[in-house]
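In UniProt numbering, the protein residues as written are 1 to 728.
The beta-carbon is built from N, C-alpha and C at its ideal position, and this holds for glycine as well.
Everything numeric in this text was worked out from a predicted model, so none of it was measured.
Worksheet for the structure shown next.
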């Protein structure tokens, strides 16, 4: 895969984040660069478009409402980062899918002024904007119990953050009933872990809200639990007491890194409650600390369209067993943090960067959950970063001088699609990179040569030869992330034995994307399709849609006019395009009920359900369109004549006007601006928010219909699984 060269220098460690929809975000000073896989067809006739679409958003510009003007704080609550920084990007991370509109991911951006912002596209491709400030929600929460405004400000400043894996039920229904599960069951409850300026760990639930006006925020944040490492003497144990310096250093200790491990679910789900356990690791000062999370999800009845939701309760506990391991006290941790586990969670490891190496703490499933366990089931290993021996020295003579001292700046866990095994990849700012297999309690992770490392060395050698540096070239790795067996590495190249002078125009960062299987050459855009997808599978997907629409009966589906139109369109599609015996039987039954409910004459449609060949349904006459049940039938929005039913993709009236049909409801799309598109296969759909009952918010809230159950069930593309985007 061709490398990508960006005109920027990264502004933080872990500067790269890759969403599950294939969107790459790169932190670069005042800006965040977002790269989207180019799945759009080139309609300009200028030739083949590039593999990526680029967009850039400025992250350090805030309105006075988002970040009110503050006067300099006193000595106890003063923060250089918040008060004197230019608000460059200090951390980025995509959420898990399902949170943004059309079930996409939102981008969380932490800036140097200690503000955490959410960005989303609002369903429009390549248009990103800030939509939520987490700090404002924290201020509202803490002001309910704290009167000291200075303390509220400090508690609201965010030092680091991490997205936890989504909480969701593990028992999934099968068949068509699976489509009736609420969105929270399919996409999960989104959990965010944060560390604030007073070293408190905050667990919060992030939800998308239904806005009744354009001025309201599309997201809400609910604080679920707050805890703290508490003991400041643990942060810098190497400083001897008593001294003024020791007191000062320990008072300034901060939680610099946060990482959430996987959820392990209870085997039984009784009384509608789901229990799960996880762990959160943090770097507090220079020490590694671990907390156990105990989460309970309780199903409750929602207010919108009778969708069930979940109440979440999370409690904290210190993982005393892991922290009691004496070997951890001998390391000075600098971050980054990365969790990696075996299949089945037989062993789970937290990998943390330390001075001149990587420390891996491997534990059993019971210890990870915070349950009783043996200390023997915790194994601490160090992978020292050793450079190549200096000329004239043998390997046996390697000393402290040959250790690599640059801190870990990038980590990623990638899954090999063939073996389904996880691998750990680590990079530093000093040209050292390594890849390891997943460690277990019995075996440490084995070093192996990843394809991306060889490619990185090729780039370094080319840079060295072009500038005649005599082999003294350093490759600084700023970020890594993985997606579907691919791994992306962001790095910069520099001379290693001289002072480097450069200008902003000369800044370059190379983004290298490599597959774990070297012979495999695929594009990112092609990997957005599900495995085994072909255009020939579209008829089978259409049968699945019709089976859901016609086979599963919902409340009021024969009395609601929009549901009636939807059911008639599904019957017409089954008659003209599918000709499946089971679907035709369902269509005949639905047509009988529609005729009874509306008084429409559907004898012609019912008679054609027993014919073996595909049939064209002729346009309805003016008398039928204006008579009993006439609202069932489609008519041209231009000339008001009947529409002919001959295809599931398009419709044509008697005067020759042609309209596209929705890929889900099979209703014709009568006008521009009321549709949405699959961002992968570009199938066109009606937008339920701008067409039908969606134009009347009060009607949407009060109605439970087949019309909305179909859109809720198929909230991604029914044919390829891609995410929707609104029309430009």
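{"Query": "For residue 569, which of 631, 536 and 259 has the nearest alpha-carbon?", "Result": "631"}
{"Query": "Alpha carbon to alpha carbon, how far is residue 546 from residue 584? Give it in angstroms, no decimals.", "Result": "10 Å"}
{"Query": "With three or more C-beta pairs closer than 8 Å as the rule, is the region 470-489 touching the region 10-30?", "Result": "yes"}
{"Query": "Bridge partners for residue 28 per DSSP, in chain order?", "Result": "31"}
{"Query": "Look at the Cβ atom of residue 712, then the Cβ atom of residue 645, and state whether they are nearer than 9 Å.", "Result": "no"}
{"Query": "So, helix, strand or coil for residue 359, using DSSP?", "Result": "strand"}
{"Query": "Would you call the region 163-172 and the region 112-119 touching, i.e. three or more CB-CB distances under 8 Å?", "Result": "no"}
{"Query": "With a cut-off of 8 Å on the beta carbons, I'd call residue 587 and residue 552 a contact; round off their distance for me.", "Result": "That pair is no contact at about 14 Å."}
{"Query": "Below 6 Å CB to CB, which residues in the same chain sit around residue 154 once its five sequence neighbours on both sides are set aside?", "Result": "77, 197 and 198"}
{"Query": "According to DSSP, simplified to helix, strand and coil, what is residue 557?", "Result": "coil"}
{"Query": "Rounding to the nearest angstrom, what Cα-Cα distance links residue 580 and residue 726 in this structure?", "Result": "33 Å"}
{"Query": "For residue 60, which residues in the same chain have their Cβ closer than 7 Å to its Cβ, ignoring the five residues on either side in sequence?", "Result": "30, 86, 87, 88 and 111"}
{"Query": "What's the C-alpha gap between residue 331 and residue 282?", "Result": "14 Å"}
{"Query": "Ignore the nearest five residues each way along the sequence and tell me which others in residue 385's own chain have a CB closer than 6 Å to its CB.", "Result": "356, 357, 404 and 432"}
{"Query": "Where DSSP assigns a beta bridge to residue 659, which residues make up the other side?", "Result": "651"}
{"Query": "Please report the distance separating the alpha-carbon of residue 708 from that of residue 720.", "Result": "21 Å"}
{"Query": "Does the region 525-540 come close enough to the region 622-629 to have 3 or more Cβ pairs within less than 8 Å?", "Result": "no"}
{"Query": "Taking the beta strand (DSSP E) that residue 315 belongs to, which residues open and close that run?", "Result": "308-318"}
{"Query": "Give me the Cα-Cα distance between residue 56 and residue 33, rounded to the nearest whole angstrom.", "Result": "5 Å"}
{"Query": "Could you give the distance in angstroms between the alpha-carbon of residue 574 and the alpha-carbon of residue 544?", "Result": "11 Å"}
{"Query": "Less than 9 Å between the C-beta atoms of residue 52 and residue 16, yes or no?", "Result": "no"}
{"Query": "Tell me the DSSP secondary structure of residue 436 in three-state form.", "Result": "strand"}
{"Query": "Between residue 218 and residue 312, is the Cβ-Cβ spacing less than 9 Å?", "Result": "no"}
{"Query": "Have a look at 659, 438, 75 and 610 and flag the residue whose alpha-carbon is nearest the alpha-carbon of residue 638.", "Result": "659"}
{"Query": "When the Cα atoms are used, what is the spatial distance from residue 46 to residue 193?", "Result": "Here residue 46 scores only 45 on pLDDT, less than 50, and its place in the model is too uncertain to base an answer on."}
{"Query": "Quick one: which unbroken alpha helix (DSSP H) runs of 4-plus residues sit fully inside the region 51-123? Chain order, please.", "Result": "80-84"}
{"Query": "Alpha carbon to alpha carbon, what distance is there between residue 285 and residue 454?", "Result": "35 Å"}
{"Query": "Counting beta carbon pairs with one atom in the region 139-152 and one in the region 676-691, are three or more of them shorter than 8 Å?", "Result": "no"}
{"Query": "Tell me which same chain residues have a C-beta within less than 7 Å of the C-beta of residue 38, skipping the five on either side of it?", "Result": "49, 50, 51, 52, 53 and 525"}
{"Query": "Is it right to say residue 113 is buried, meaning 16 or more other beta carbons lie within 10 angstroms of its own, or is it exposed?", "Result": "buried"}
{"Query": "Compare the C-alpha of residue 14 against each of 317, 359, 122 and 413 and name the closest.", "Result": "413"}
{"Query": "Distance check for residue 158 and residue 387, CA to CA, integer angstroms please.", "Result": "36 Å"}
{"Query": "Less than 8 Å between the CB atoms is what I'm expecting for residue 103 and residue 715, so what's the real figure, rounded?", "Result": "5 Å"}
{"Query": "What residue range is occupied by the uninterrupted beta strand (DSSP E) comprising residue 371?", "Result": "Taken as a continuous stretch (DSSP letters only), residue 371 belongs to no beta strand (DSSP E), as it is neither H nor E."}
{"Query": "What are the boundary residues of the beta strand (DSSP E) that includes residue 169?", "Result": "Neither: residue 169 is in no beta strand (DSSP E) and is coded neither H nor E."}
{"Query": "By the three-class DSSP mapping on this structure, what secondary structure does residue 718 have?", "Result": "coil"}
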